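A quick write-up on the structure given underneath.
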Amino acid sequence: MSAGAPGGNRLFIKKSIDQIQREASSHHLKRTLGPLNLIFLGIGCIIGAGIYVMTGNAAANFAGPSVMLSFVIAGTACAFAGLCYAELASTMPVAGSAYTYSYATMGELAAWVMGWLLVLEYGVAAATVAAGWSGYVTSFLKDFGILVPPEFAHSMIQSAADSTGHLVFSVTDNFNLVATAGILMVTALLVIGVSESATVNNVIVFIKVGVLIAFIAMGAGFIQPENWTPFIPPNQGGFVYGVQGVFRAASVIFFAYVGFEAVSTAAAEAKNPSRDMPVGILGSLLVCTIIYIAVAAVLTGVVSYKELGVPEPIAVAVDRMGMPWFSFLIKVGAVAGLTSVMLILTYGQSRVFYAMARDGLLPKAFAVIHPKFRTPWIGTIVLGTLIAVASSLLPITILGDLVSLGTALAFGIVCLTVMHLRTTRPDLHRPFRVPLGGGFVSARARVLVSALLAFAGLAVFRFLMQSPWTDYGAIIVVVVALAWLATSWRDHESRYWLGTAPMLGILFAAIMVVPLIEDIVQKALAGDTIPASILGGYLVLGAAIYLFYGLPNSRLAKGLDILDDSMLSGPLEASVHGSDERR
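Printed below as a string of structure tokens:
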């Protein structure tokens, strides 16, 4: 049992590190994933929508040829967050990832918010990727003379820009059966078992990486250097080109880096998580960042960036090379790549819900393990069905930004978690530690360093992005810092650990988040309230679920240990307790 129902503020009760580590040794999921599986897991998710779809849109709408710099910025942000993920994953190798880390750091309310953001990051992202996947599959089948009726390959809700550039949504008679079929196929594979699906994923990764390397090698000979001039097109207002566009494009392609975080959700099924998780996270991130930059260089060198605002930018570049056979090969790689993305996103979402259900914040059905396949089969089927429905109804427009927003917020919280655990549990065994140093400081020094970090971020927004909102941000930072300093002034004994890598991770996460939020606010003030409405409605729904189910059913608040098999129903209740997971 846990220590009992915690006292203090009910919304901020925290799960102890000891409890989390015991979960790691007593869960009922099979440990079948090695370091190479984890690297391929990350590559399988990272290389997909970002390289086949988002790269072209980011170049055409925001950055031009300088989208290569956007990948450097986004990759740097992910590197610092990846180091923090690696330390936490090696220390707390349990299902749930950032959700579990938040539970240990900032309490139950923050954990629920994180878990709900991860639904946006994984579940909604899987639906949007499925919609893109359907386009490549339809084109692929067309090459064999199989024509899919348009009404079965497009979402019911369609979006288009009007004369003022605002998005207009309309309801049609379409129903994307192709996307639905893709998600249901992935769901069935995940129900069968992780080791089986990991094997399929490894094959897919080999195919799509090979195709991209071939694109880089063959496309290099077709690069026209004049397409890179100007490298950073002049700003045309807002986030359209210029330095502002480079940062805005970084926030767009940030969507594609969800892959290495999906690796952390697999910690409970890694053979040796303390060793394998850092290798899987950082290895997949490094490989994919290099590939991204190389593909972006060839893509913008072969075709003018103004022509890349299409769903299949790489196919456009290959057509420009005049090699139809290679265009067919690219479609094969796209189908494989987007298939693996759907696989990993749906996988990650089911494991987050598994962890939340074990904590009592979601119905226990999401934590029921299949007696044969040893997977959370009911939750996987329910999620797969919901994702399939969403993919058939919703367009890709806007959702990519919302996914990036959830990803960046998750990264920032994870970086904060590392510093919190270094402060409260310096004795904790950490097989992997974030590099670049750090140390303990006083309460007052912590406030001053945090304020300096905030002002550094504001300086980036002011001088590089020319954001009109920095004055308001500076006022907020001063007010918060003074209030925080006043409450900490008499604290002469407390010491807090501050690390270079985690603080840089928080700074870069803010650089990813602020342009997104600013863009959403500007659109809302200009009359386009759709992005803000979607985000606001989603948060309200999450609050309602927590208020009416999670809050009264939290096992931690009741003083219950989630390791109690009462969380598992039916004959599985007796059979899995203490069973050999490799049997």
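Under my numbering, the letters of the sequence shown match residues 39 to 621, in that order.
In this text, a Cβ means the ideal position worked out from N, Cα and C, and glycines have one as well.
Given the structure is predicted, the values throughout are model-derived calculations rather than measurements.
Member of I245, F182, S177 and V167 whose CA lies at the smallest distance from the CA of G220: Nearest of I245, F182, S177 and V167 to G220, Cα basis: V167.
Identity of the residues DSSP links to I195 by a beta bridge: In the DSSP secondary-structure assignment, I195 is bridged to V209.
Option in G120, K52 and G450 with minimal Cα separation from M315: Nearest option by C-alpha distance: G120.
R471, enclosing beta strand (DSSP E) - first and last residue: No beta strand (DSSP E) holds R471; DSSP gives it neither H nor E.
Residues bridged to A535 (per DSSP): Ala is not the amino acid found at residue 535; the sequence shown has Trp there. DSSP lists F478 as partners of W535.
Nearest residue (CA-CA) to A395, options Y534, A492, W150 and T129: Among Y534, A492, W150 and T129, the Cα nearest to that of A395 belongs to W150.
Candidates I549, V91, Y90 and G113, of which the one nearest G321 by Cα: The candidate whose alpha carbon is nearest that of G321 is G113.
Terminal residues of the alpha helix (DSSP H) in which D357 lies: According to the DSSP assignment, D357 belongs to the alpha helix (DSSP H) that extends over P351 to M359.
Residue burial classification, A564 (beta-carbon count within 10 angstroms, cutoff 16): A564 comes out exposed.
Pair within 8 Å by beta-carbon distance, V216 and V186: Annotated as proximal: V216 and V186, with beta-carbon spacing under 8 Å.
Contacts around L158, its chain only, beta-carbon distance under 7 Å, and the 5 residues preceding and following it disregarded: So the qualifying residues of the chain are L440, V441, G444 and Y576.
Residue closest to A547, alpha-carbon to alpha-carbon, out of G580, V518, S388 and A288: The shortest C-alpha separation from A547 is found at A288.
Close beta carbons around L542, own chain, < 6 Å, minus the five adjacent residues each side: Result list for L542: F118, in chain order.
First through last residue of the alpha helix (DSSP H) which encompasses N99: N99: not part of any alpha helix (DSSP H); DSSP gives it neither H nor E.
Closest by C-alpha distance to A481, when choosing among K309, S108, R286 and T461: Among K309, S108, R286 and T461, the Cα nearest to that of A481 belongs to T461.
Cβ distance (whole Å) where I407 is taken to contact P414 below 8 Å: Yes, they are in contact, since the Cβ atoms of I407 and P414 sit about 6 Å apart, within 8 Å.
One or two residues paired with L71 in a DSSP bridge: Paired residues: A308.
With 16 other Cβ atoms within 10 Å as the buried cut-off, status of A355: That one is buried.
P590, buried or exposed, once every other Cβ within 10 Å from all chains shown has been counted against 16: Around the Cβ of P590, a 10 Å sphere holds fewer than 16 other Cβ atoms; the residue is exposed.
For T462, the three-state DSSP class (helix, strand or coil): Looking at T462 - three-state DSSP - the assignment turns out to be helix.
Candidates R533, F501, A448 and G102: closest to E264 by CA position: Here the closest residue by C-alpha is G102.
Length-filtered (4 minimum) alpha helix (DSSP H) runs lying within the segment 557 to 595: Runs of the alpha helix (DSSP H) inside the segment 557 to 595: 568 to 583.
Inter-residue spacing [alpha-carbon to alpha-carbon] between S622 and L474: Residue coverage of the chain in this structure runs from 39 to 621, which leaves residue 622 outside it and unanswerable.
Short Cβ contact (8 Å threshold) for S429 with A169: Yes.
Span of the alpha helix (DSSP H) around L155: It spans E146 to L156 - the alpha helix (DSSP H) in which L155 sits, taken as one unbroken run.
Inter-stretch contact at 8 Å, needing at least 3 Cβ pairs: the segment 386 to 394 / the segment 411 to 427: Cβ pair count under 8 Å is three or more, so yes.
CB of T218 within 8 Å of CB of M194, strictly: The Cβ atoms of T218 and M194 lie no closer than 8 Å to each other.
CA-to-CA distance, F244 to L496, given in whole angstroms: Each residue's alpha carbon lies about 42 Å from the other.
Which listed residue (I84, I77, V559 and P433) has its alpha carbon closest to that of A570: The closest CA to that of A570, considering only I84, I77, V559 and P433, is found on V559.
CB of L49 within 8 Å of CB of L156, strictly: Contact annotation: L49 and L156 have beta-carbon atoms that are not nearer than 8 Å.
Sub-8 Å separation of A97 and L346 beta-carbons: Yes. Within cutoff.
8 Å Cβ cutoff met for A489 and V517: The criterion of a C-beta distance shorter than 8 Å is not satisfied by A489 and V517.
Continuous alpha helix (DSSP H) stretch holding P362: start and end: Membership of P362 in the alpha helix (DSSP H) is indicated by the continuous run P362 to R396.
Proximal residues to G275 (C-beta, below 6 Å), its chain only, five neighbours per side dropped: The beta carbon of G275 lies closer than 6 Å to none in the same chain, with the five residues before and after it left out.
Length-filtered (4 minimum) alpha helix (DSSP H) runs lying within the segment 483 to 553: Within the segment 483 to 553, the alpha helix (DSSP H) runs of at least 4 residues that lie entirely inside it are, in chain order, 508 to 526.
Test item: CB-CB of I319 and A127 under 8 Å: Yes, Cβ-Cβ distance for I319 and A127 is below 8 Å.
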